[in-house]
Amino acid sequence: MKTRVVKDDYQEIEIRPKEEFDHFLSLIKRDIKEIFKSRAGNYFYFCPACTNKESDFKFSKNGFVYRECLFCGTVFMTPRPNREMLHDFFANSSGLKYWNSKAFQGSESRKEHVLDPRMRWITESLDFADDSSRTYLDFYSKYLPFVTKISSLKNLNKKVSYKPIEGTAKEIKDLGFEIIDSLGEEKYSVVTAFEVFDRFYNPRKVLETIKKNMETGGLLFLSTTSASGLDFQFLLKKSKNIVPPLHMNIFSVEGMIKILEDFDFEVVELSTPGSLDIKILEEQIDEISAPKFLTDLIQNRDNYTKEAFQEFLQRARLSSHMRVLAKNK
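Going left to right, the sequence shown walks through residues 847 to 1175 as my numbering numbers them.
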């Protein structure tokens, strides 16, 4: 299993402008009250990564409770909104509509620091068997600049978007994609699922479905927030990047490996190429109880030392942004 280190220097505000992100968070809080009302959802009795039933309370945020699996360390919401509640939320959330607006679609910083590296990762990793159909499927397509780049790839014979976000279907179709809302019987060579495993009601069921619709040797690319990440481990509910109910499943490195291996995927690469852990903790160091080692690093060491430590976090798979490449056996 490979891991990659990605060197990139930028600030969180470049991909999540503070004023806009704070407004998004306030809208989501309002959406929770207006859409869910007093409905609690369903209690999850097992870890969505490894199915272990033993867990401890970890934290609560915006009225939602998170527990930590005592076997793999995955952090998960329970009780959680049921599928009907989630469908209602994703269809009607003013916060999501705001965040997915074209203002954010066109962010040059997001293209440079998020979408372009993602595209390079895919193109460098693509590998097809001689008998592959070379069909591509993107789950819940969100960013038009990314879809545009995928549309230009000449080594894909067919490109499909599964349930793209509201307002993007026509443009995605114009880029040569087929739009579907059911996977049917087709077998795909490449599947991408970015920033969505966090929010699946039951990610094991989703992975089972993906497995059934992939060629032998097909590649699955996914990204998610990591419970093994340094900034998450210290910030927990104070992490602005944990936004319930958008983050119901916060996979540990061990939990992600376990769920993929349970469904007979080979984990080709698991990396945590985040660049912001130390910078995020630097901004919020006064809000947490951190060990002296960490406060010394953040408050008293120079940028070279901080950059070296962030690189160590990547090498050790301890950054809070996780990306995975898995092959269907």
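Glycine residues also receive a C-beta, built at the ideal position from the N, C-alpha and C atoms.
Exercise for review: Specify, as a first and last residue, the run of the beta strand (DSSP E) that F1111 falls within.
Suggested key: Reading the sequence shown from its first residue, position 265 is the one you call residue 1111. F1111 -> beta strand (DSSP E) spans F1111 to S1117.
Check your understanding: Going by the CB atoms, is the gap between R1161 and T849 shorter than 9 Å?
Key -> Residue 849 sits at position 3 when you count from the first residue of the sequence shown. Residue 1161 sits at position 315 when you count from the first residue of the sequence shown. For T849 and R1161, yes; Cβs fall inside 9 Å.
Review point. In the segment 1067–1111, which residue ranges form an unbroken alpha helix (DSSP H) of at least 4 residues, counting only runs that do not cross its ends?
Key: 1076–1081 and 1099–1108
Practice item. Taking only runs that begin and end inside the segment 973–1001, name each unbroken alpha helix (DSSP H) of 4 or more residues, in chain order. Key: 990–997
Practice item. Consider the Cβ of M1094: report whether some Cβ of chain D lies at a distance smaller than 9 Å. Key: Of the protein chains in the structure, only one exists, and it is not chain D.
**Study point:** Element boundaries [beta strand (DSSP E), containing L916]
**Key:** Within the sequence shown, residue 916 is the residue found at index 70, counting from 1. Run containing L916: none; DSSP gives neither H nor E here.
Exercise for review: Would you kindly report the start and end of the unbroken beta strand (DSSP E) that includes E901?
Suggested key: On the sequence shown, residue 901 is found 55 positions in, with the first residue counted as 1. What sits at residue 901 in the sequence shown is Ser, not Glu. S901 to K907 is the span of the beta strand (DSSP E), which, as asked, contains S901.
Review point. So, is L916 buried or exposed, given that buried needs 16 or more other C-beta atoms within 10 angstroms?
Key: Position 70 of the sequence shown, counted from the start, is the residue given in the question as residue 916. When all chains shown are included, L916 counts as exposed.
Exercise for review: Buried or exposed for Y1150, please, with buried defined as at least 16 other CB atoms from any protein chain shown within 10 angstroms of its CB.
Suggested key: Within the sequence shown, residue 1150 is the residue found at index 304, counting from 1. Answer is exposed; the Cβ neighbour count stays below 16.
Check your understanding: Going by other Cβ atoms of all chains shown within 10 Å of its Cβ, with 16 needed for buried, is G909 buried or exposed?
Key -> In the sequence shown, the residue the question calls residue 909 occupies position 63. So G909 ends up on the exposed side.
Practice item. Quick one: grab the DSSP three-state call for F936. Key: Position 90 of the sequence shown, counting from 1, holds the residue named residue 936. Helix.
Check your understanding: Tell me which same chain residues have a C-beta within less than 7 Å of the C-beta of R1050, skipping the five on either side of it?
Key -> The sequence position of residue 1050 within the sequence shown is 204, counting from 1. If we look at R1050 and ignore the five residues flanking it on each side, its Cβ neighbours are P894 and I1105.
**Study point:** the segment 1068–1082 touching the segment 1126–1139, judged by at least three CB pairs closer than 8 Å
**Key:** yes
Review point. Can you find at least 3 beta carbon pairs, one from the segment 1092–1099 and one from the segment 1037–1051, that sit closer than 8 Å?
Key: yes
Exercise for review: State the DSSP-derived secondary structure class of L1159, mapped to helix, strand or coil.
Suggested key: In the sequence shown, counting from the first residue as 1, residue 1159 sits at position 313. Note: L1159 maps to helix in three-state DSSP.
Review point. For S1007, which residues does DSSP report across the bridge?
Key: Numbered from its first residue, the sequence shown carries residue 1007 at position 161. For S1007, which the question treats as bridged, DSSP gives the partners D984 and I1025.
**Study point:** Contact between the segment 1021–1036 and the segment 975–995 (3+ Cβ pairs under 8 Å)
**Key:** yes
**Study point:** Distance between beta carbons of L1065 and K1173, contact taken as under 8 Å
**Key:** Residue 1173 sits at position 327 when you count from the first residue of the sequence shown. Residue 1065 sits at position 219 when you count from the first residue of the sequence shown. Contact flag correct, Cβ pair sits at about 6 Å.
Check your understanding: Under a Cβ-count criterion, where at least 16 other Cβ atoms within 10 Å of its own Cβ denotes burial, should P1119 be classed as buried or exposed?
Key -> Along the sequence shown, read from residue 1 onward, the residue named residue 1119 stands at position 273. Buried, because 16 or more other Cβ atoms sit within 10 Å of the Cβ of P1119.
Practice item. Quickly, what does DSSP pair F1040 with across the bridge? List them, please. Key: Walking along the sequence shown from the start, residue 1040 turns up at place 194. Looking at the DSSP assignment, F1040 forms a beta bridge with S1069.
**Study point:** Cβ pair count under 8 Å reaching 3, the segment 932–940 against the segment 852–870
**Key:** no
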